[in-house]
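Reading through the structure tokens given below for one structure.
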Amino acid sequence: MTGLLGDWERSLPLVAELAADPPGEAVRDLDQIVLLAPVPRPPRIRDYMTYEQHVSGAGIAVPPAFTQTPACYKGNPFTVVGPETEIPWPGYSDQLDYELELGFYVAGHGSDLTVDEARAHVAGVTLFNDVSARDIQMVEMTMMIGPSKSKDFCNVMGPCLVTIDEVDEFAIELLARVNGEEWSRGTSAARRFSFAQLLAWASWAEPLVPGDFLAVGTVGGGCGMELDRWIQPGDVVELEATGIGVLRNRIGAKQERAAANGLDFYPGAPRFEPRPAGRPGRE
Numbered sequence: 004m005t006g007l008l009g010d011w012e013r014s015l016p017l018v019a020e021l022a023a024d025p026p027g028e029a030v031r032d033l034d035q036i037v038l039l040a041p042v043p044r045p046p047r048i049r050d051y052m053t054y055e056q057h058v059s060g061a062g063i064a065v066p067p068a069f070t071q072t073p074a075c076y077k078g079n080p081f082t083v084v085g086p087e088t089e090i091p092w093p094g095y096s097d098q099l100d101y102e103l104e105l106g107f108y109v110a111g112h113g114s115d116l117t118v119d120e121a122r123a124h125v126a127g128v129t130l131f132n133d134v135s136a137r138d139i140q141m142v143e144m145t146m147m148i149g150p151s152k153s154k155d156f157c158n159v160m161g162p163c164l165v166t167i168d169e170v171d172e173f174a175i176e177l178l179a180r181v182n183g184e185e186w187s188r189g190t191s192a193a194r195r196f197s198f199a200q201l202l203a204w205a206s207w208a209e210p211l212v213p214g215d216f217l218a219v220g221t222v223g224g225g226c227g228m229e230l231d232r233w234i235q236p237g238d239v240v241e242l243e244a245t246g247i248g249v250l251r252n253r254i255g256a257k258q259e260r261a262a263a264n265g266l267d268f269y270p271g272a273p274r275f276e277p278r279p280a281g282r283p284g285r286e
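The sequence shown maps to residues 4 to 286 in the working numbering.
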């Protein structure tokens, strides 16, 4: 896939032609195949915070920097999985959470792009669930760094890459279901930065490469933390987006902690208790 993204301008018409008239041997029923993430090992993952409601919805103070610059953390490309893959529950956490997000893939190479130039490097969009270990996340981030262990164990992408010409990036409806019950509903409209703006910022003094993945953050109300509802082992989490499809995964059993795992003096993280919106937040 990164080969296609590396020569996107020439590859896209060929892919469209193949999709319009696929050879018979290339067509398979979904139950006969295993879908991977659209780019199984993206060179880099950047996940930005662009929805103010996601921050304020958990009662966390929104910093002034939110309006001034796109900020992100960088994820672990080696824990990317696709649809129907079981989500692991790491032994260092008791409080797992889903994230209802969109992200897009980079086409071609570039650096120091303008916003206008960046538009040509947005290949396509997919759903993203950067599963969060909320308890240890809040401990890590008191040190003004991270998240790290709270995110690096699993990044779910899929079910497909939809080319950017097929969607309106500010008119995508999103929802999340747990065991068939709707927990979250949102829209891509209420975010601060466009795909091209994020890409232009990411490219400033940094090279972009084909297959780089940039997520735009969790939509307002798009996680259990904001609702104070928490997923459990065995739950089935489905993220859905209009024009893209459904990303479905089951939550695995909590990892048993062996004596040799990690650091023997790690005490465990205290349970995170969200503050209702409108009350003083955490600095």
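The beta-carbon is built from N, C-alpha and C at its ideal position, and this holds for glycine as well.
Simplified DSSP assignment, three categories, for Thr245: As a first step, residue 245 must be located in the sequence shown, where it is residue number 242. Note: Thr245 maps to coil in three-state DSSP.
Between the beta-carbon of Val65 and the beta-carbon of Glu102, is there less than 8 Å? The count along the sequence shown starts at 1 and reaches residue 65 at position 62. The count along the sequence shown starts at 1 and reaches residue 102 at position 99. No, the pair does not count as a contact, with Cβ atoms beyond the cut-off.
Hey, could you find the ends of the alpha helix (DSSP H) Arg122 is sitting in? Translated into positions along the sequence shown, residue 122 becomes position 119. Per DSSP, Arg122 belongs to the alpha helix (DSSP H) from Val118 to Arg122.
Own chain partners of Leu116 with C-beta closer than 6 Å, once the 5 adjacent residues on each side are dropped: Locating residue 116 in the sequence shown gives position 113, counting from the first residue. By the criterion of a C-beta distance shorter than 6 Å, Leu116 is surrounded in its chain by Ala203 and Ser206, once the five residues flanking it on both sides are discounted.
Between Arg195, Phe107 and Asp155, which has its C-alpha nearest Val128's C-alpha? For this step, residue 128 is matched to residue 125 along the sequence shown. Taking only the C-alpha atoms, the option nearest Val128 is Phe107.
Please classify Arg195: does DSSP put it in a helix, a strand, or coil? The residue given as residue 195 occupies position 192 in the sequence shown. Correct three-state label for Arg195: coil.
From Tyr76, Leu21 and Val239, pick the residue whose C-alpha is nearest to that of Met147; which is it? Here residue 147 is taken as the residue at index 144 of the sequence shown, counted from 1. Ranking the options by Cα distance to Met147, first place goes to Tyr76.
Under the three-state reduction of DSSP, which class applies to Glu259: helix, strand or coil? To locate residue 259, count along the sequence shown from 1; it is residue 256. Coil.
Whole-number beta carbon distance between Gln258 and Tyr91, since they are thought to touch under 8 Å: On the sequence shown, position 88 is the one that residue 91 refers to. On the sequence shown, position 255 is the one that residue 258 refers to. In the sequence as displayed, the identity of residue 91 is Pro instead of Tyr. Taking a contact as a CB-CB distance under 8 Å, the pair Pro91 and Gln258 counts as one, their CB atoms being some 7 Å apart.
List the whole-angstrom C-beta distance separating Leu8 from Pro270, where the pair is believed to meet the contact cut-off of C-beta under 8 Å. Position 5 of the sequence shown, counted from the start, is the residue given in the question as residue 8. Position 267 of the sequence shown, counted from the start, is the residue given in the question as residue 270. Going by Cβ atoms, the distance from Leu8 to Pro270 rounds to 44 Å, so no, they are not a contact pair.
Just mark Glu209 as buried or exposed, buried being the case when its beta carbon has 16 or more other beta carbons within 10 Å. Taking the first residue of the sequence shown as 1, we reach residue 209 at position 206. So Glu209 counts as exposed.
Below-8 Å beta-carbon distance, Val125 vs any chain E residue: Given the protein chain composition of this structure (a single chain), no chain E is represented.
With respect to the alpha helix (DSSP H) encompassing Thr5, which residues constitute its N-terminal and C-terminal limits? Taking the sequence shown and counting its residues from 1, one reaches residue 5 at position 2. Looking at the DSSP string, the run of the alpha helix (DSSP H) that includes Thr5 is Thr5 to Gly9.
Let me make sure I understand the geometry here. Which of Pro93, Ala29 and Gly248 has the alpha-carbon closest to that of Gly265? Counting from one through the sequence shown, the residue named residue 265 turns up at place 262. Among Pro93, Ala29 and Gly248, the Cα nearest to that of Gly265 is on Pro93.
Closest to Phe275 by CA distance: which of Gly183, Arg13 and Asp138 is it? To locate residue 275, count along the sequence shown from 1; it is residue 272. Nearest of Gly183, Arg13 and Asp138 to Phe275, Cα basis: Asp138.
For Val128, three-class secondary structure by DSSP: The sequence position of residue 128 within the sequence shown is 125, counting from 1. If DSSP states are grouped into helix, strand and coil, Val128 belongs with the strands.
Buried or exposed (CB count within 10 angstroms, at least 16 for buried), Phe156: Indexing the sequence shown from 1 puts residue 156 at position 153. With 16 or more other Cβ atoms within 10 Å, it is buried.
Count the other CB atoms, across all protein chains shown, that sit within 10 Å of the CB of Thr72; report buried if there are 16 or more and exposed otherwise. In the sequence shown, counting from the first residue as 1, residue 72 sits at position 69. Classification for Thr72: exposed.
Below 8 Å on the Cβ atoms is my contact criterion, and I expect Ile48 with Pro25 to pass it. Report the Cβ-Cβ distance as a whole number of Å. In the sequence shown, residue 48 corresponds to position 45, counting from 1. In the sequence shown, residue 25 corresponds to position 22, counting from 1. Not a contact, Cβ separation roughly 30 Å.
Do Gly189 and Gly224 have their beta-carbon atoms positioned less than 8 Å apart in this structure? Locating residue 224 in the sequence shown gives position 221, counting from the first residue. Locating residue 189 in the sequence shown gives position 186, counting from the first residue. Yes.
Can you list, in chain order, the residues of its chain whose CB lies under 6 Å from that of Leu177, leaving out five sequence neighbours each side? Here residue 177 refers to the residue found at position 174 of the sequence shown. For Leu177, where only same-chain residues beyond five positions count, the Cβ hits under 6 Å are Leu103, Gly189, Val222 and Ala244.
C-alpha distance - Thr88 paired with Ile247, whole-angstrom precision: Within the sequence shown, the letter at position 85 stands for residue 88. Within the sequence shown, the letter at position 244 stands for residue 247. Each residue's alpha carbon lies about 18 Å from the other.
At the level of alpha carbons, what is the spacing between Ala193 and Ala121? Numbered from 1 along the sequence shown, position 190 holds the residue referred to as residue 193. Numbered from 1 along the sequence shown, position 118 holds the residue referred to as residue 121. Cα to Cα, the separation comes out at about 21 Å.
At which residues does the alpha helix (DSSP H) containing Tyr230 begin and terminate? Mapped onto the sequence shown, residue 230 falls at position 227. Rather than Tyr, the amino acid found at residue 230 in this sequence is Leu. Unbroken alpha helix (DSSP H) run through Leu230: Gly227 to Leu230.
Counting along the chain, where does the beta strand (DSSP E) carrying Ser59 start and finish? As a first step, residue 59 is located in the sequence shown; it is residue number 56 there, counting from the start. First-last for Ser59: Glu55 to Ser59, but that is the alpha helix (DSSP H), not the beta strand (DSSP E).
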